[in-house]
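Residue numbers for the sequence shown follow my numbering, so the first one is 623 and each next one is one higher.
Cβ atoms here follow ideal geometry from the backbone N, Cα and C, with glycine treated the same way.
Notes for the one structure printed next.
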Amino acid sequence: MLACLPAPADSPTDHLFVGTDRYSYFTLSWDSANNQVHTERNYVDIADPSSREAQTGSRCMIDPSGRFMTLEIYDGMIVVIPIVQLPAKRRGRPVAMPTGPDAPRVGELGEPIITRIDELFVRSSAFLHVQAGSPRLALLYEDNQKKVKLKVRELKYTAGAGAESEFTHFADYTQELDLGASHLIPVPAPLGGLLILGETSIKYVDADNNEIVSQHLEEATIFVAWEQVDSQRWLLADDYGRLFFLMLVLDGSEVERWELHSLGNIPRASVLVYLGAGVVFVGSHQGDSQVLRIGDQSFEVIQTLSNIAPILDFTIMDLGNRTSESQTHEFSTGQARIVTGSGAFDDGTLRSVRSGVGMEELGVLGDMEHITDLWGLQVDSIGDFLDTLLVTFVDETRVFQFSADGEVEELESFLGLSLSENTLLAANLPGGRILQVTERRVLIADIEGGMTVYEWEPQGRLIITAASANDDTIVLVVGGELVTVIDIQSEPQVRTEKNFGADNQISGVTVPSSPTDVCILGFPQLAKVSVLKLQDLSDIGMTSLGPAGEAFPRSVLVARVLADNPPTLFISMADGSVITYNYNPEDHTLTGMNKLILGSEQPTFKKLPRENGLYNVFATCENPSLIYGSEGRIIYSAVNSEGASRICHFHSEAYPQSIAVATAQELKIGLVDKERTTQIQTLPIKATVRRVAYSPSEKAFGMGTIERHLVDGEEVVKSQFVLADEILFRRLDAFEFPKDEIVESVIRAEATDGQDGEPMDRFIVGSAYLSDEGGFEPPKGHIRIFEVDNGRKLTMVKETTVKGACRALAMMGDKIVAALVKTVVVYRLAHKSGRLQLERLASYRTSTAPVDITVTDNVIAISDLMKSICIVEFEEGKDGLPDKLTEVARHFQTVWSTGVTSIAEDTYLESDAEGNLIVLRRNRSGVEEEDRRRLEVTGEISLGEMVNRIRPVNIQSSATVVPRAFLGTVEGSIYLYGVINPEYQDFLMRFQATMASRVDSLGGIPFNEFRALRTMTRQASEPFRFVDGELIERFLVCEPAVQKEIVDMVGKDVEEVKLLVEALRRMH
């Protein structure tokens, strides 16, 4: 819970009250001098393990007079916290405040006092606005007969050393209230009283006269949030995503009636905050949050803040690395993409989440196809602004000139340069000149004279295949064999030429920035790159890129990406990979090879200038990527720009720091981030995406959705299985479930039909029927198998009725494992009499109810609703005996499990409903049978968020930490779980303990207490064999003196630890 405390004495800012889910609180303030949050009061623990948590949620309120704050966290109990006031003046005595460093200031919180009340099930509460006297608290509660009642209590507080508080009875309201009454809204003075929001009516209660003014709503609804605009108007939000404006209509000084106006649809609000001037913040947990400006019975959206909570399910899409030579994995490139099913009902969405570089489109120049390259040039602009965009096509070149205000004009001629050919290179040269290299010639134009001053053509009408230039030299590759060097420092002239022959063809060339006396060539037939002297093109050094005939370099580029480091040579390979070397300008050596796969087609490089003479490199392929330097390392990060085929730097007056982007259909101007951030793409589904699975072969998603609509005041629920395209997320086909049947589980599987055919991708869908209260039919569900035909339509090939809801599905080879309400069943797909059949092979009855399963070979790990994890093995029957499932191990503790996955052989990661993670290991080598049957706890930590889904990843690496699973939570977080390499385990554990003792936390909450496992039955004192990556990464922002102190205690060097922590941070 959060609350704003008005600025205490001598404080320049308000204080923020923060209440935690462990029943402690602390206060914070903003330190504008250091731009950071400062803890004003360390945490105060008010937990009472003997009390029952509030069934209607925790509440925090401040008395309108500013004297008290109340916390409602347990049933039948209110915590009263006095707010320090100036002492009352006494005749003839001066007012004296407590002194000393720990003395509370006026406006700060005093010591909490626990106060009991008789009302146990309080739906809502509110402080009334009273003119004088003690504060009065109105309580909307349920009595023992489930009747909703309203009571007002008065707060009596006795100050002093043994301060006491009591809520005494003040008034009861006997009029019958709406059974759906949910919220109390205090009405400010001079009217006073309060409003009661119900499902079918809204009532105004006159607290002074004990009178109630009631009106029925035109349509029943469920209100979930409210916010005051002024003394007579409020904003209301309901459970169906509608925003209302409530106004009291007065007759003199009394309330005559109220009016309710609908303003429109918003994400389902969790909180409303009025910011003044008609602006309101809508905070949503199950949709995007928004900032709105309220108008005349309508509103406009000013800002949208993305939110992917709650994550109900997700799937991982990634490229992976296709060769063992790759020295990094896909998590560092940003190419890994996680697609989540987020939100609920009308706020339900499919979200694509990846750590990448964002691109914002500023404008489209027009529809243009077959653009092969483009360059930004400076002709008339001043400073470092560019004003001309040269765009080349297969057989022509077009020139666009930009004015300072963004007007664009296409030029029919441009300084005498050739516009009827394909351009290979264009650039500004010193002395007010512009260079153009086409397939047939080299042209240099003088900007001031407006004409061409130099032209060179290769002999024999050969084609120029590659070109590169700096301020002093042009290097050309003619016919793929002949290299020509042209000196352009003064009067252009050919310096030297060399023919390398047909067996040594050249694919790319690059010239480092001036001054330099070398160029670098790529030889695809020889699978090498060579550094050559410009003077005579003699070979200084040759570097092999792999076996000849397997590695094919295409283009090369030298750019200074890292500060205080030598330039980097980037080599684009035909297989979609990028090879980099450190290039030493002094001795021209290439060292430190790295290789990374960006896609399946060769990347094309363009340099984007940064400050201090550094560059980012933009690599365009089917997965555009930005290559940049950060913390002494080169980072590859995916760019959120589908379809970018070519780009160039275009820093113009109208569009500063922008780039020009060519796609297959159009040319546009955009802004690209300089570093990666979290990129989120959203597809509104308008339904709860409960389950999602991805088929790489079909390039499609299978989604299980649940829709909810309000029809004539009644909720109607409908469920579908939807097939959607992977690129545009467009809907391809859908299967609608019968009435009252909803989707429970969806998986994608490569399954055969028992006819020895090729495995094919299928979607397997489990469902359940909504419970019929009072009905006598046993619960049931279905398992359905769908194929995708050539027209990308769904075909149901099998439907089987099962006893109970099908909560989870998994594949065990060619067999289907289904988790039903009470049992786990193994089925086999068989083809009999021309029809596909599901044969039941074996079953296992769980302790309570299975909620998740994971399969490794013939071993099934079952996540039980209340009884943690059990491990069962599937054994095929022999000698005519039936197949069977046998329990071989179990975790003998009460854990309210939510998910499980296998992270290593005989090792499992489990999540529970109380926000904990537990790592369990099966001890196959135990001495006693009991040892072998008991799962050992090898790690546990409090994550603080309930995990809905765990997805394993299989990365082979010798890095410090190897990724093993992604976790999606109710709060919308995505966590990466990794296994620490054994040689680093001791160091990281000691490093974490040292960091925890030296780094301050918000509220002063001890790290061990914050991350210690906590359940209803057990409270640990510290996390067990777990390292919190967030705490470790804080080392990078510590002061140098603190860093030195920490590393001295663990026996390491500061730079060594920095490199280690930076590598860990780059994992995500």
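- With a threshold of 16 other beta carbon atoms within 10 Å, Ile1307 meets it and is buried.
- Within the stretch 1226-1255, the complete beta strand (DSSP E) runs of at least 3 residues fall at 1226-1231, 1237-1242 and 1247-1252.
- Comparing alpha carbon positions, the residue from Val1314, Ser672 and Glu694 closest to Arg681 is Glu694.
- The residues Arg1062 and Arg1063, in chain order, have a CB closer than 7 Å to that of Glu1079 in the same chain once the five nearest residues on each side in sequence are set aside.
- Pro1604 sits in a helix when the DSSP states are folded into three classes.
- If you check the CB distance, Thr1299 and Gly980 come in under 8 Å.
- With respect to Glu1667, Arg1612 sits apart: the two C-beta atoms are not nearer than 8 Å.
- Across the structure, Met1433 and Val1473 are spaced so that their CA atoms are roughly 16 Å apart.
- Taking a contact as a CB-CB distance under 8 Å, the pair Gly1251 and Leu1184 counts as one, their CB atoms being some 4 Å apart.
- Counting other Cβ atoms within 10 Å of its Cβ, Thr1417 stays below 16 and is therefore classed as exposed.
- Looking at the backbone, the Cα of Ser853 and that of Gly820 are separated by about 21 Å.
- Phe1024 carries a strand assignment under DSSP once its states are collapsed to helix, strand and coil.
- Taking 8 Å as the upper bound for CB-CB distance, Cys1428 and Ser1367 are in contact here, some 6 Å apart.
- Counting other Cβ atoms within 10 Å of its Cβ, Glu741 reaches 16 or more and is therefore classed as buried.
- With contacts defined as CB atoms closer than 8 Å, Leu1156 and Arg1117 qualify as a contacting pair.
- When the beta-carbon positions are compared, Met1073 and Leu1037 come within less than 8 Å of each other.
- Within a 10 Å sphere around the beta-carbon of Gln707 sit fewer than 16 other beta-carbons, which makes this residue exposed.
- The stretch 1517-1536 makes no contact with the stretch 1496-1509, as fewer than three CB pairs between them are under 8 Å.
- In this structure, DSSP gives Asn1126 a helical state, which the three-state scheme calls helix.
- Comparing alpha carbon positions, the residue from Glu1070, Gln1303, Arg915 and Leu858 closest to Glu1348 is Gln1303.
- Setting aside the 5 residues that flank it on each side, Gly1102 is surrounded in the same chain by Thr1087, Gln1127 and Ile1128, each with a C-beta closer than 7 Å to its C-beta; the list follows chain order.
- Excluding sequence positions up to five before and after Glu1363, its CB lies within less than 6 Å of the CB of Ser1389 and Tyr1391, all in the same chain and listed in chain order.
- Between Val1477 and Ser1465, the beta carbon gap of about 15 Å keeps them out of contact (Cβ cut-off 8 Å).
- Per DSSP, the unbroken beta strand (DSSP E) holding Lys1120 starts and ends at Gln1115 to Asn1121.
- Short of 7 Å from the beta carbon of Gln850, and not among the five residues preceding or following it, lie these beta carbons of its own chain, in chain order: Trp856 and Tyr896.
- Residue range Pro1175 to Ala1181 is occupied by the beta strand (DSSP E) that includes Pro1175, with no alpha helix (DSSP H) assigned at that position.
- Three or more beta-carbon pairs drawn from the stretch 963-970 and the stretch 1305-1324 are found closer than 8 Å, and the two stretches are therefore classed as touching.
- Separation of the CB atoms of Ile1386 and Leu1431 is rounded to 5 Å, and the pair is thereby assigned contact status at 8 Å.
- In this chain, the alpha helix (DSSP H) harbouring Pro1662 covers Pro1662 to Val1672.
- In the DSSP annotation of this structure, the continuous segment of the beta strand (DSSP E) that includes Arg745 starts and ends at Phe743 to Phe749.
- Within the model, the alpha-carbon separation for Gly1426 versus Thr1445 is close to 9 Å.
- Looking at the backbone, the Cα of Lys769 and that of Phe690 are separated by about 30 Å.
- Note that the stretch 1193-1200 touches the stretch 1162-1175; at least 3 beta-carbon pairs, one per stretch, sit closer than 8 Å.
- Secondary structure of Thr642 (DSSP, three-state): coil.
- Secondary structure remark: continuous beta strand (DSSP E) runs of at least 3 residues inside the stretch 814-853, in chain order: 816-819, 823-828, 833-838 and 845-850.
- Taken through DSSP and simplified to helix, strand or coil, Phe921 comes out as strand.
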